[in-house]
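Each residue of the sequence shown is one higher than the one before, counting from 661 in the numbering used here.
No residue lacks a Cβ here, since even glycine has one placed at the ideal position from N, Cα and C.
Only a predicted model underlies this, so the values are computations on that prediction, with no experimental measurement involved.
Everything on this sheet refers to the single structure shown next.
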Amino acid sequence: MATELSAKYNPSEVESKWYTYWMDHKLFASKPDHREPYTIVMPPPNVTGVLHMGHMLNNTIQDILVRRARMTGKNACWIPGTDHASIATEAKVVQRLASQGIKKTDLSREEFLKHAWDWTEEHGGIILKQLRYLGASCDWDRTAFTMDELRSESVIKVFVDLYEKGMIYRGVRMVNWDPEALTALSDEEVVYKEEHGKLYYLRYKVEGDPDGRYAVVATTRPETIMGDTAMCINPNDPKNTWLKGKRVIVPLVGRSIPVIEDDYVDIEFGTGCLKVTPAHDVNDYMLGEKYNLPSIDIFNDNGTLNESAELYIGMDRFAVRKQIERDLEAADLLEKVEPYTNKVGYSERTNVVIEPKLSMQWFLKMDRLAEMALKPVMEDKLKFYPSRYKNTYRHWMENIKDWCVSRQLWWGHRIPAYFLPEGGYVVAATAEEALAKAKVKTGNDSLTMADLRPDEDCLDTWFSSWLWPISLFDGINKPGNEEMKYYYPTSDLVTGPDIIFFWVARMIMAGYEYEGDMPFRNVYFTGIVRDAKGRKMSKSLGNSPDPLHLIETYGADGVRMGLMTSAAAGNDILFDEAMCEQGRNFNNKIWNSFRLIQGWEVDASLPQSAAAQTAVMWFAELLKATSLELEDLFSKYRISDAMLLLYKLVKDDFSGTYLELIKPDYGAPIDGKTLEETNNFFDHILRLLHPFMPFITEELWQALSPRKEGDSLAVQQISKGEEGNKDIIDYMEIAREIVSAVRNLRASRNVSPRESLELYAPEGAMCPWAVAVITKLANISEIKTGVLEGADVASFMIGTHTYSVPFTGFVNVEEELTKLADEEKYYEKFLASVRGKLSNEKFVSKAPEQVVALERKKESDALEKLENIRTRMAALKQ
């Protein structure tokens, strides 16, 4: 007999023990060999982060896929890592410095970066350590960081390469500006929120008009009028024809600006007159370029007004909005103000309103990259699960814009550009290469490093993570190396659909640009974890549980199972802690089933009972079929369905039916053959369950029979599924339905399960071996042929066959009549209530059709119930 287990499963004791064991024996390590590789690269969490429910879901799915691949004979390699997260990390460091009374501007770049590295070393490994509590079976020796030496070298090399190919350029463009982080953002980093604001109608007086006429402009941003350099009308707008060729005066500012004409103006919006502020609106910028308008930038980087505004200098943009409304009204230059709902762009990182801003930035041309990356997804060479995200992907790829890759930050990969003393710049991977290039470009051999000024900006964080599947195997620095040939393309990517543009699409682009191949074969998009009210979990709402507390309370396996039972690909999860409770209960069910088996005494001389023979025959076929179905579900990435399938197998089939069939009478031993088969079945179940619930399955597998040091369920093989005998499986389902029906009849008549009953079945309706199942599980003394009728006979139908159970002598007639009389009174009262509603003409005529139909259904159900009760009462009184 195997090692004695404690009466109750204690996850905290088991989980730390086995994770340490797995690590000590390097069971998650991977090196290229003769096996088929299975590779996953972890979406690198921010170095500032701690484990949240989204990480829990994402990494549970990855771990399930990796563990199953390992157990199907593949060389599984799951590479973890963290992202340097330029904006988020710099913000955290700035906050900490502020708490110490230090401003970023008081420090040199080198001093600030020392603080940033200190922060990274202090916080960088937290989230990866937390993932171990979840059971993540990563090859931790391969842990990477987007700013470690190897990754940094790759990023700089790619930037230089793309620049030399003419794909990276520098220029003044309208960008999304984050006034809090003080940096440009890409379009994908802007989140649009619907807001209830105001539409201001401003009076622009016509210059030199003898009648003092004015044009009215509707705007949501009156604080930008100081940057107006034109007014625009549609040439086909009859109501504004009188403004053609005129000039108007900007309210409060007093500046005279021309009226220009362009089809871009929407005749129907507002008054048909558009103020043009080229420095602070993307569309106005295009009009400015088209008509060669001057551009007046009135905002400082932090969102306050600068001296070019002439008015409100130093005030915040939103304070100006409030003040200018009062000032315009006082100057009789405000026609009216109306409530207005529109979408406002917010920084995804800092949650402040972005400011469109003209800025000198670095850009990457995206057209060719997008064209390469679109085809394999649309042709399903690279598959998305669910496939509906292909349309989202296609829309973005077909409407691609150049990627603003520069950020006005210090924490990140510094742009490898160096400015020359007399203008211009060179791009090079190292300062030495830059100097050599500068000498050639200027023809000045006397140049020194001191003459070159390195670019102050750093690269967008995503510029490093888009290389992740390649740079993790050093494929940029050492193209075609052994690991690249073996592990690339990787197998599956598990990520959220919210970064399909930021990361997924760009990795595909980088893969085809630098490897001529996809970076992964499949992308599994998880849903968003929401609370029971459907709200996205967040710290600000306080609706997100602490994952580590959940693990401590319910065990990692319980939390994993709870998440996976409702985590269909792409569908949001309405998280409820009851899921984890269900997971813990399932763990206890498995634990108790094992203890039950281990507690039986064995007598090798005993023959196998008919019930046990039947149980073994049936469960062997069911295991084959379940294993095959499991393979099919995994091939379709229906991992939640796979978990539910195993839940049913263990709870209903193994514990609820199989163990009940083979269980010896109280105090009696079990035969050796049945126990051996049962242990084999349990071993098989543990293997199927292990990817989902690694800790409890390892503990029980180790206890199932003696193991050598270093043995682990984590590296055992799962046997391939087979077609199970469908007839055997189907007949058992019928037998179980009969058992359930008999048990329900017992309960309705208060007959104890210990009382043996007879069962009457039609001739030919019963499979011969099913007799053993029914007699044992339903406590049937004998199964006879025929159909009975009478007061003490209860009948039920399974399929087309009618079965009967006589209850003569088991039913107390007086008690049963009393119970039925109470039921009769209840349904009479219920029927009267329903008929009261239906006799009310007002209710019938005004209530929705489906509500009235429901009441009529209640009436017919109550009548049927009363008829059955009265028939039963009449039969008992005979």
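query                                                                                                                                                                                 : result
Mind pulling the alpha helix (DSSP H) runs of 4 or more residues that sit fully within the segment 1263-1309?                                                                         : 1270-1295 and 1299-1308
Whose CA, out of Gly905, Met1353 and Tyr1172, lies closest to the CA of Glu867?                                                                                                       : Gly905
Going by the CB atoms, is the gap between Tyr1174 and Ala1229 shorter than 8 Å?                                                                                                       : no
DSSP three-state call for Ala736: helix, strand or coil?                                                                                                                              : strand
Report yes or no: do the segment 1370-1388 and the segment 1432-1440 share at least 3 C-beta pairs separated by less than 8 Å?                                                        : no
Keeping to the same chain, check which residues put their C-beta closer than 6 Å to that of Asn1245; ignore five residues upstream and five downstream.                               : none
So what's Ser672 in DSSP terms, helix, strand or just coil?                                                                                                                           : helix
Given this structure, state the Cα-to-Cα distance separating Ala689 from Leu1223, to the nearest angstrom.                                                                            : 27 Å
Mark Phe929 as exposed unless 16 or more other C-beta atoms lie within 10 angstroms of its C-beta, in which case mark it buried.                                                      : exposed
With distances taken between CB atoms, is the gap from Ile1545 to Leu903 smaller than 8 Å?                                                                                            : Any answer about residue 1545 is impossible in this case: the structure gives the chain only from 661 up to 1538.
Distance check for His712 and Met1169, CA to CA, integer angstroms please.                                                                                                            : 29 Å
DSSP beta-bridge partners for Gly831?                                                                                                                                                 : Gln1021
Note down the Cα distance separating Glu1039 from Ile1014, rounded to an integer number of angstroms.                                                                                 : 37 Å
Which residues in the same chain as Lys1333 place their Cβ atom closer than 7 Å to its Cβ, once the five residues preceding and following it in sequence are excluded?                : Gln1268
Let's test the definition: count the other Cβ atoms within 10 Å of the Cβ of Thr680 and tell me whether it reaches 16, buried, or not, exposed.                                       : exposed
Who are Phe1235's beta bridge partners in DSSP?                                                                                                                                       : For Phe1235, which the question treats as bridged, DSSP gives no partner whatsoever.
CB-CB under 7 Å to Asp987, same chain, minus the five flanking residues each way: which ones, in chain order?                                                                         : Leu912
Between Ala1328 and His1350, what straight-line distance do the alpha-carbon atoms span, to the nearest angstrom?                                                                     : 32 Å
Are there 16 or more other CB atoms within 10 angstroms of the CB of Ser1441, so buried, or fewer, so exposed?                                                                        : exposed
Tell whether a beta-carbon distance below 8 Å holds between Met886 and Tyr864.                                                                                                        : no
At 3 residues or longer, what runs of the beta strand (DSSP E) sit wholly inside the segment 1050-1082?                                                                               : 1077-1079
Could you compute how far the alpha carbon of Asp1232 sits from the alpha carbon of Arg1190?                                                                                          : 7 Å
Buried or exposed, going by whether 16 or more other CB atoms sit within 10 Å of the CB of Val753?                                                                                    : buried
Going by Cα to Cα distance, which pick from Trp779, Lys1518, Val980 and Ser759 is closest to Asn706?                                                                                  : Trp779
Between Ile1211, Arg1516, His1344 and Ala1492, which has its C-alpha nearest Ser1588's C-alpha?                                                                                       : One cannot answer for residue 1588 here, as it falls past the ends of the chain, which runs 661 to 1538.
What number of angstroms, rounded off, separates the C-alpha of Lys853 from the C-alpha of Met975?                                                                                    : 25 Å
For Trp1126, write down the residues that DSSP places opposite it in a beta bridge.                                                                                                   : Per DSSP, none; premise fails for Trp1126.
What span of residues does the beta strand (DSSP E) with Asn1002 cover, start to end?                                                                                                 : Leu994 to Ser1007
In the DSSP assignment, find the unbroken alpha helix (DSSP H) run with Thr1338 in it and report its ends.                                                                            : Gly1332 to Leu1349
For Asn1182, which residues from the same chain have a beta carbon less than 6 Å from its beta carbon, with the 5 sequence-adjacent residues on both sides left out?                  : Lys1043 and Asp1152
Rounded C-beta distance between Thr699 and Gly741? I'm assuming under 8 Å.                                                                                                            : Incorrect: roughly 13 Å between the Cβ atoms, too far for contact.
Quick check: what's the CA-CA separation for Glu1527 versus Tyr1318?                                                                                                                  : 39 Å
Less than 8 Å separating the beta-carbons of Leu1127 and Val818?                                                                                                                      : yes
Grouping DSSP H, G and I as helix and E and B as strand, with all else coil, what is Tyr951?                                                                                          : helix
Could you name the residues of the same chain whose beta carbon sits closer than 6 Å to that of Trp1429, not counting the 5 residues immediately before and after it, in chain order? : Thr1274
Alpha carbon to alpha carbon, how far is Trp1070 from Phe1342? Give it in angstroms, no decimals.                                                                                     : 57 Å
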